[in-house]
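J.:
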Amino acid sequence: MALDLVIRGGSVVDGSGKPRFGADVGIKDGRIVEIGKVSGNAARTIDADGLIVAPGFIDGHTHMDAQVAWDPLGTCSCWHGVTSVVMSNCGFALAPCKPADREWYARCLSAVEDIPTEAMAAGIDWTWETFPEYLATVERLPKAINYGMYIGHSALRMYVMGKRALSEAATEDDMARVNAAFTDAAKRSLRIGFDAIELHFAHGYLLHSFVSPLSNKRNDAYGGSFEGRMRFPLEVVRSVRAAVPRAVPLGARITGSDWLDGGLTPADAIACAKALKELGFDYVDISSGGISADARSPTAPGYNAPIAEQVKRVTGIATRTVGLIVTPKQAEAIVAEGKADMVALARAVLDNPHWGWYAARTLGAEVKRPRQYLRSSSTLWPGAAIRDAQG
Ligand SMILES: Cc1cc2nc3c(=O)[nH]c(=O)nc-3n(C[C@H](O)[C@H](O)[C@H](O)COP(=O)(O)O)c2cc1C
Numbered sequence: 000m001a002l003d004l005v006i007r008g009g010s011v012v013d014g015s016g017k018p019r020f021g022a023d024v025g026i027k028d029g030r031i032v033e034i035g036k037v038s039g040n041a042a043r044t045i046d047a048d049g050l051i052v053a054p055g056f057i058d059g060h061t062h063m064d065a066q067v068a069w070d071p072l073g074t075c076s077c078w079h080g081v082t083s084v085v086m087s088n089c090g091f092a093l094a095p096c097k098p099a100d101r102e103w104y105a106r107c108l109s110a111v112e113d114i115p116t117e118a119m120a121a122g123i124d125w126t127w128e129t130f131p132e133y134l135a136t137v138e139r140l141p142k143a144i145n146y147g148m149y150i151g152h153s154a155l156r157m158y159v160m161g162k163r164a165l166s167e168a169a170t171e172d173d174m175a176r177v178n179a180a181f182t183d184a185a186k187r188s189l190r191i192g193f194d195a196i197e198l199h200f201a202h203g204y205l206l207h208s209f210v211s212p213l214s215n216k217r218n219d220a221y222g223g224s225f226e227g228r229m230r231f232p233l234e235v236v237r238s239v240r241a242a243v244p245r246a247v248p249l250g251a252r253i254t255g256s257d258w259l260d261g262g263l264t265p266a267d268a269i270a271c272a273k274a275l276k277e278l279g280f281d282y283v284d285i286s287s288g289g290i291s292a293d294a295r296s297p298t299a300p301g302y303n304a305p306i307a308e309q310v311k312r313v314t315g316i317a318t319r320t321v322g323l324i325v326t327p328k329q330a331e332a333i334v335a336e337g338k339a340d341m342v343a344l345a346r347a348v349l350d351n352p353h354w355g356w357y358a359a360r361t362l363g364a365e366v367k368r369p370r371q372y373l374r375s376s377s378t379l380w381p382g383a384a385i386r387d388a389q390g
């Protein structure tokens, strides 16, 4: 087979964790078709002697949705060694979007993610309306790195309902279209090759706004009692579960408490987790708050862990929890004491991007380091002992 490209003589680091190995890499139609001694001809050859050939590094949480339009290098990411980004996080996205709503979308991204509206006005050529059209636009743009994106909840609701999204309850037709979009997104995630899928039922996201009595003011079958408020989220759950093979872990981030009078409580979280488990979900992640600007999350360490513990004990579903988990010993204790099966951290990792390494060190383990960082391991660096002694 005549190849399009051969990368010859590089040191392949394939991302699986196994040691690097010398090999040629043959590419045809944009896909790797050979790794090893590639003898065939190719339209183009890159000499990678002395170089690393690697699939790259993924940043799973970015807001490059607008910047991708004017920054071909994706500088915020690629200057830090990232080769693939996932965008449209936090539910904010630029597609799907009707032309009349563009300014509202830009204002949202500006308000929440601090992307200047002036930059968006000058830098974006809105050539899309649907989500696939946005994907096609991003595909056409010159880019130095790879981009993947979520379908954002805020965009989805606005697209389905228009300005009614800001003042009216969703109709059953609106909800059916939202459900279809969730299910299609799950199918696309499988096609892209994600290993697990998580629905967002927590801290202010669209499905949480159905579950919480503070935001769900409907007086039809989709509001009122807990059963009514769970009706639409569970329709989405059934539909997504049916689209995702059982072998792919499927979970949901749920709310442990709204932290406001009249809002969701740990008992609701237990009922929600139970319903998800019965419908074949594999785990829940206990988060909380976020439904209203008046809600103040507690400031106690690991404040959601006691709720996760109750959910796990009563329902038996696997749990993760998040929220002011700061130190490695604290994280380890939550898992070791059986309060949750997994922990997640956000701000502690912003504070220390090497948190995982620091945790391994604190708990007596050593991480597998990239070669460039081997010199700072305690076996090769006397400074590690000085650091540990002096803090
Ligand atoms: C910069 C930042 C971005 C976040 N974005 C998201 C998000 O996209 N989706 C989400 O579910 N939670 C998001 N969160 C909330 C965190 O996942 C987490 O629930 C919360 O920060 C509490 O955990 P922590 O005390 O470890 O920070 C974000 C938090 C931070 C600090």
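Residue numbers (numbering that gives the first Met the number 0): 0 to 390. Ideal Cβ placement from N, Cα and C applies to all residues, glycine included. Here the structure is a predicted model, which is why all the values come from computation and not from measurement.
#1: Need the endpoints of the alpha helix (DSSP H) that Asp173 sits in, please.
#2: Any residue with its C-beta under 5 angstroms from a non-hydrogen atom of ligand 1 counts. Can you list them all in chain order?
#3: Given a threshold of 16 other Cβ atoms within 10 Å of its Cβ, counted over all protein chains shown, does Trp69 qualify as buried or as exposed?
#4: Straight-line CA distance for Met160 to Ala169?
#5: Roughly how many angstroms separate the alpha carbons of Asp173 and Ala185, rounded to a whole number?
#6: By the three-class DSSP mapping on this structure, what secondary structure does His79 have?
#7: Would you give the residue range spanned by the alpha helix (DSSP H) that Thr314 belongs to?
#8: In this structure, does DSSP put Tyr133 in helix, strand or coil?
#9: Relative to the alpha-carbon of Phe181, which residue among Ala135, Pro212, Phe130 has its alpha-carbon at the smallest distance?
#10: Between which two residues does the beta strand (DSSP E) holding Val235 run?
#11: Please report the Cβ distance between Ile269 and Val321, rounded to the nearest whole angstrom; I am assuming they are in contact, meaning their Cβ atoms lie under 8 angstroms.
#12: Cα-Cα, which of Arg7, Arg19, Leu4, Met0 is closest to Arg370?
#13: Helix or strand or just coil, what does DSSP make of Thr326?
#14: Which class does Val366 belong to by DSSP, given the choice of helix, strand or coil?
#15: Expressed to the nearest angstrom, what Euclidean distance is found between the alpha-carbon atoms of Phe280 and Ala246?
#16: With H, G and I counted as helix, E and B as strand and the rest as coil, what does DSSP make of His152?
#17: In angstroms, rounded to a whole number, what distance separates the CA positions of Ala143 and Tyr133?
#18: What does DSSP give as the partner residues of Arg43 in its beta bridges?
#19: With a threshold of 7 angstroms (Cβ to nearest heavy atom), would Pro305 be considered close to ligand 3?
#20: When we look at the beta-carbon of His199 and count the other beta-carbons within 10 Å, is it buried (16 or more) or exposed?
#21: Opposite His199 in the DSSP bridges: which residues?
#22: I'd like the list of long-range same chain contacts for His60, defined as Cβ closer than 8 angstroms, with 5 residues on each side in sequence excluded.
#23: Can you tell me where the beta strand (DSSP E) holding Ala110 begins and where it ends?
#24: Between which two residues does the beta strand (DSSP E) containing Ser286 stretch?
#25: With Gly39 and Gly21 assumed to form a contact (beta carbons below 8 angstroms), what rounded beta-carbon distance in angstroms separates them?
#26: Would Leu213 and Gly262 qualify as a contact pair, given that the criterion is a beta-carbon distance under 8 angstroms?
#27: By a C-beta neighbour count over all protein chains shown, 10 Å radius and 16 as the cutoff for buried, is Arg319 buried or exposed?
#28: Taking the C-alpha atoms as reference points, what is the distance between Arg187 and Val243?
#29: Distance check for Ser15 and Arg7, CA to CA, integer angstroms please.
#30: Can the beta-carbon of Gly203 be found less than 8 angstroms from the beta-carbon of Ile290?
#31: Please classify Ala47 as buried or exposed, where buried requires at least 16 other C-beta atoms within 10 Å of its C-beta.
#32: Going by C-alpha distance, which of Gly288, Leu373, Ile324, Leu362 is nearest Asp350?
T.: On the basis of the supplied data:
#1: For this step, residue 173 is matched to residue 174 along the sequence shown. Start and end: 171-191.
#2: Asn88, Cys89, Ser286, Val321, Gly322, Leu323, Leu344, Ala345, Arg346
#3: Along the sequence shown, one-based indexing puts residue 69 at 70. Looking at its Cβ environment, which holds fewer than 16 other Cβ atoms inside 10 Å, Trp69 is exposed.
#4: If you number the sequence shown from 1, residue 160 lands on position 161. If you number the sequence shown from 1, residue 169 lands on position 170. Taking the straight line joining both Cα atoms gives about 7 angstroms.
#5: For this step, residue 173 is matched to residue 174 along the sequence shown. For this step, residue 185 is matched to residue 186 along the sequence shown. Approximately 19 angstroms, taken between the alpha carbons.
#6: As a working mapping, residue 79 is identified with position 80 in the sequence shown. Three-state result, His79: coil.
#7: Numbered from its first residue, the sequence shown carries residue 314 at position 315. Segment 304-314, the alpha helix (DSSP H) holding Thr314.
#8: If you number the sequence shown from 1, residue 133 lands on position 134. Residue state, collapsed to three classes: helix.
#9: Residue 181 sits at position 182 when you count from the first residue of the sequence shown. It is Phe130 whose Cα lies nearest to the Cα of Phe181.
#10: The sequence position of residue 235 within the sequence shown is 236, counting from 1. Not the beta strand (DSSP E): Val235 falls in the alpha helix (DSSP H), residues 225-242.
#11: Residue 269 sits at position 270 when you count from the first residue of the sequence shown. Residue 321 sits at position 322 when you count from the first residue of the sequence shown. Rounded, the Cβ-Cβ distance is 18 angstroms, inconsistent with contact.
#12: The residue labelled residue 370 in the question sits at position 371 within the sequence shown. Answer by Cα proximity: Arg19.
#13: For the purposes of this step, residue 326 is taken as residue 327 along the sequence shown, with counting starting at 1. Coil.
#14: By one-based count along the sequence shown, residue 366 stands at place 367. Val366 falls in the coil class under three-state DSSP.
#15: Along the sequence shown, one-based indexing puts residue 280 at 281. Along the sequence shown, one-based indexing puts residue 246 at 247. Taking the straight line from one Cα to the other gives about 11 angstroms.
#16: Along the sequence shown, one-based indexing puts residue 152 at 153. Three-state DSSP puts His152 in a helix.
#17: By 1-based counting over the sequence shown, the position of residue 143 is 144. By 1-based counting over the sequence shown, the position of residue 133 is 134. Roughly 18 angstroms separates the two Cα atoms.
#18: Taking the first residue of the sequence shown as position 1, residue 43 is located at position 44. According to DSSP, which records beta bridges pairwise, Arg43 is partnered with Leu4.
#19: Within the structure as shown, ligand 3 is missing, the only ligands being ligand 1.
#20: Here residue 199 refers to the residue found at position 200 of the sequence shown. Label assigned to His199: buried.
#21: As a first step, residue 199 must be located in the sequence shown, where it is residue number 200. His199 is bridged to Arg252.
#22: Residue numbering aside, residue 60 sits at position 61 when the sequence shown is read from its first letter. Excluding residues within five positions, the ones whose Cβ falls inside 8 angstroms are Val85, Asn88.
#23: Position 111 of the sequence shown, counted from the first residue, corresponds to residue 110. Element bounds for Ala110: not the beta strand (DSSP E) but the alpha helix (DSSP H), 101-112.
#24: Taking the sequence shown and counting its residues from 1, the one referred to as residue 286 is at position 287. Unbroken beta strand (DSSP E) run through Ser286: 282-286.
#25: Here residue 39 refers to the residue found at position 40 when the sequence shown is read from its first residue. Here residue 21 refers to the residue found at position 22 when the sequence shown is read from its first residue. In fact, because the Cβ distance is near 18 angstroms, the residues do not count as touching under 8 angstroms.
#26: One-based indexing of the sequence shown puts residue 213 at position 214. One-based indexing of the sequence shown puts residue 262 at position 263. Yes.
#27: In the sequence shown, counting from the first residue as 1, residue 319 sits at position 320. So Arg319 counts as buried.
#28: As a first step, residue 187 must be located in the sequence shown, where it is residue number 188. As a first step, residue 243 must be located in the sequence shown, where it is residue number 244. Rounded to the nearest angstrom, the two C-alpha atoms are 10 angstroms apart.
#29: Looking up residue 7 in the sequence shown gives position 8. Looking up residue 15 in the sequence shown gives position 16. Going by the C-alpha atoms only, they are around 21 angstroms apart.
#30: Translated into positions along the sequence shown, residue 203 becomes position 204. Translated into positions along the sequence shown, residue 290 becomes position 291. Cβ distance < 8 angstroms, so Gly203 and Ile290 count as in contact.
#31: Sequence index remark: in the sequence shown, residue 47 carries index 48 (1-based). With 16 or more Cβ atoms within 10 Å of its Cβ, Ala47 is classed as buried.
#32: Start at 1 with the first residue of the sequence shown, and residue 350 comes out as number 351. The option with the nearest alpha carbon to Asp350 is Ile324.
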